[in-house]
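Numbering (our numbering), first residue to last: 423 to 707.
Ideal placement from N, C-alpha and C gives every residue a C-beta, glycine not left out.
Since we're looking at a predicted model, the values are computed, not measured.
Heads up, the thing below is written out as structure tokens.
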């Protein structure tokens, strides 16, 4: 497909690899998440469904209808798909058969703004971003019930649910390191991405500016490079230096993850389509 050239300063993209359009015809793709087998699930949010891309067949199929307007998603270690269900501003747990369980309905008796993206830590705890994007499909009061747009944590036992950063403008994309020690959070409302140290109890400390760039979704590879989205995919090394840019022929690139059994294929959701790119690096989740 014709597009601008990929910039790759560290050889993270496989030699002679080109961006492939895996599937299109959707309304707006989001939330790619990879299961243990390497299959990738993503959402077609305006059509309220979750799509599954199968590694073995290379085909996409509808995994779930009436998906709560799912947005960001991530698989836990038990094989459940954890989803930011935007319809009622809830967090869902979806099993392999598509049965859902509501994990979070509110915070202190008031609806969240709209859980947007999440990361499941190695210990099972879940970090959730909660920006406000007023949806035209809401039939309820669209005004904010919380006192701001915050970052939350749900404990592994699902008993404690608390805020871990109340000083963000509009948190969105989120990913953590596979050792569970660092968390990256994009403040898309302030065009910044931060990195935190994760405490054993889930609290965060030592918030530092990572790059002066926001992001919708994000992922990380085994070298610790961070992949931010928006205008294509922009890759930064652990020092916050830009090392690559993958242009996408779409108005907005929403999210990204590594898939396939070896986690060496980068999958990208952008507008009405789902793309892939073979890589020299591999994902960590």
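CA nearest to the CA of residue 591, picked from 563, 623 and 555: Here residue 591 refers to the residue found at position 169 when the chain shown is read from its first residue. Out of 563, 623 and 555, the CA that lies nearest to the CA of residue 591 is found in 555.
Coarse secondary structure for residue 469, derived from DSSP in three states: For this step, residue 469 is matched to residue 47 along the chain shown. In the structure shown, residue 469 sits in a helix (DSSP, three-state: H, G or I).
Continuous beta strand (DSSP E) stretch holding residue 667: start and end: For this step, residue 667 is matched to residue 245 along the chain shown. Boundaries of the beta strand (DSSP E) around residue 667: 664-668.
Residues sharing a beta bridge with residue 541, DSSP: To locate residue 541, count along the chain shown from 1; it is residue 119. According to the DSSP secondary-structure assignment, residue 541 is paired through a beta bridge with 549.
Cβ pair residue 691, residue 701 closer than 8 Å: In the chain shown, residue 691 corresponds to position 269, counting from 1. In the chain shown, residue 701 corresponds to position 279, counting from 1. In this structure, residue 701 does not lie closer than 8 Å to residue 691 by Cβ.
Contacts around residue 542, its chain only, beta-carbon distance under 7 Å, and the 5 residues preceding and following it disregarded: As a first step, residue 542 must be located in the chain shown, where it is residue number 120. These residues qualify, in order along the chain: 496, 498, 504 and 548.
Identity of the residue in 703, 704 and 693 nearest residue 450 by Cα: As a position in the chain shown, residue 450 is number 28, starting the count at 1. When each option's Cα is compared against that of residue 450, the closest is 693.
Residue 572 classed as buried or exposed, judged by whether at least 16 other C-beta atoms fall within 10 angstroms: For the purposes of this step, residue 572 is taken as the residue at position 150 of the chain shown. By the 10 Å Cβ count, residue 572 comes out buried.
Inter-residue spacing [alpha-carbon to alpha-carbon] between residue 423 and residue 533: Here residue 423 refers to the residue found at position 1 of the chain shown. Here residue 533 refers to the residue found at position 111 of the chain shown. Bear in mind that a pLDDT of 46 at residue 423, under 50, signals an unreliable position, so the number given afterwards is only what the model happens to contain. Roughly 43 Å between the two C-alpha positions.
Touch test, the segment 560-572 against the segment 521-535, Cβ-Cβ under 8 Å, three pairs minimum: yes
Integer-rounded CB distance, given that residue 666 should sit under 8 Å from residue 657: Position 235 of the chain shown holds residue 657. Position 244 of the chain shown holds residue 666. Between residue 666 and residue 657 the Cβ distance is about 4 Å, and since that is below 8 Å, they are a contact.
Any C-beta of chain B under 8 Å from that of residue 667: No chain B is part of this structure, which consists of one protein chain only.
Cα-Cα separation, residue 705 to residue 489: Here the question's residue 705 lines up with position 283 in the chain shown. Here the question's residue 489 lines up with position 67 in the chain shown. So the two alpha carbons sit approximately 26 Å from each other.
Residue burial classification, residue 493 (beta-carbon count within 10 angstroms, cutoff 16): Working through the chain shown from its first residue, we reach residue 493 at position 71. Burial of residue 493 is indicated by the presence of at least 16 other C-beta atoms within 10 angstroms of its C-beta.
Under the three-state DSSP convention, the category residue 572 falls into: Numbered from its first residue, the chain shown carries residue 572 at position 150. Reduced to three states, the DSSP call for residue 572 is strand.
Buried versus exposed call for residue 454 [16 or more other C-beta atoms within 10 Å across all chains shown]: By one-based count along the chain shown, residue 454 stands at place 32. Result: buried.
Residue 606 vs residue 615 beta-carbon contact at 8 Å: As a working note, residue 606 is residue 184 in the chain shown. As a working note, residue 615 is residue 193 in the chain shown. In this structure, residue 615 lies closer than 8 Å to residue 606 by Cβ.
Cβ neighbours of residue 672 in the same chain (closer than 6 Å, five flanking residues each side left out): What you label residue 672 is simply residue 250 of the chain shown in a count that begins at 1. 692 and 693, listed in sequence order.
Buried/exposed call for residue 491, threshold 16 Cβ in 10 Å: Within the chain shown, the letter at position 69 stands for residue 491. Buried is the call here.
Close beta carbons around residue 426, own chain, < 7 Å, minus the five adjacent residues each side: To locate residue 426, count along the chain shown from 1; it is residue 4. Excluding residues within five positions, the ones whose Cβ falls inside 7 Å are 669.
Every unbroken alpha helix (DSSP H) inside the segment 627-658 [4 residues or more]: Qualifying alpha helix (DSSP H) stretches: none in this window.
Option in 500, 508, 613 and 487 with minimal Cα separation from residue 520: Here residue 520 refers to the residue found at position 98 when the chain shown is read from its first residue. When each option's Cα is compared against that of residue 520, the closest is 487.
As assigned by DSSP and simplified to three states, the class of residue 440: Against the chain shown, residue 440 aligns to sequence position 18. The answer is coil: DSSP assigns residue 440 none of H, G, I, E or B.
Secondary structure of residue 493, DSSP reduced to three states: Counting from 1 along the chain shown, the entry for residue 493 is found at position 71. Reduced to three states, the DSSP call for residue 493 is strand.
Residue 433 in three-state terms, based on DSSP: On the chain shown, residue 433 is found 11 positions in, with the first residue counted as 1. Residue 433: coil per DSSP, three-state reduction.
Alpha carbon of residue 477 to alpha carbon of residue 460, nearest angstrom: Here residue 477 refers to the residue found at position 55 of the chain shown. Here residue 460 refers to the residue found at position 38 of the chain shown. Rounded to the nearest whole angstrom, the C-alpha separation of residue 477 and residue 460 is 6 Å.
Where residue 640 falls, given that 16 or more other Cβ within 10 Å makes a residue buried: In the chain shown, counting from the first residue as 1, residue 640 sits at position 218. Residue 640 is buried by the Cβ-count criterion.
Best match in 574, 599 and 583 for proximity to residue 589 [C-alpha to C-alpha]: Looking up residue 589 in the chain shown gives position 167. That would be 574, whose Cα lies nearest to the Cα of residue 589.
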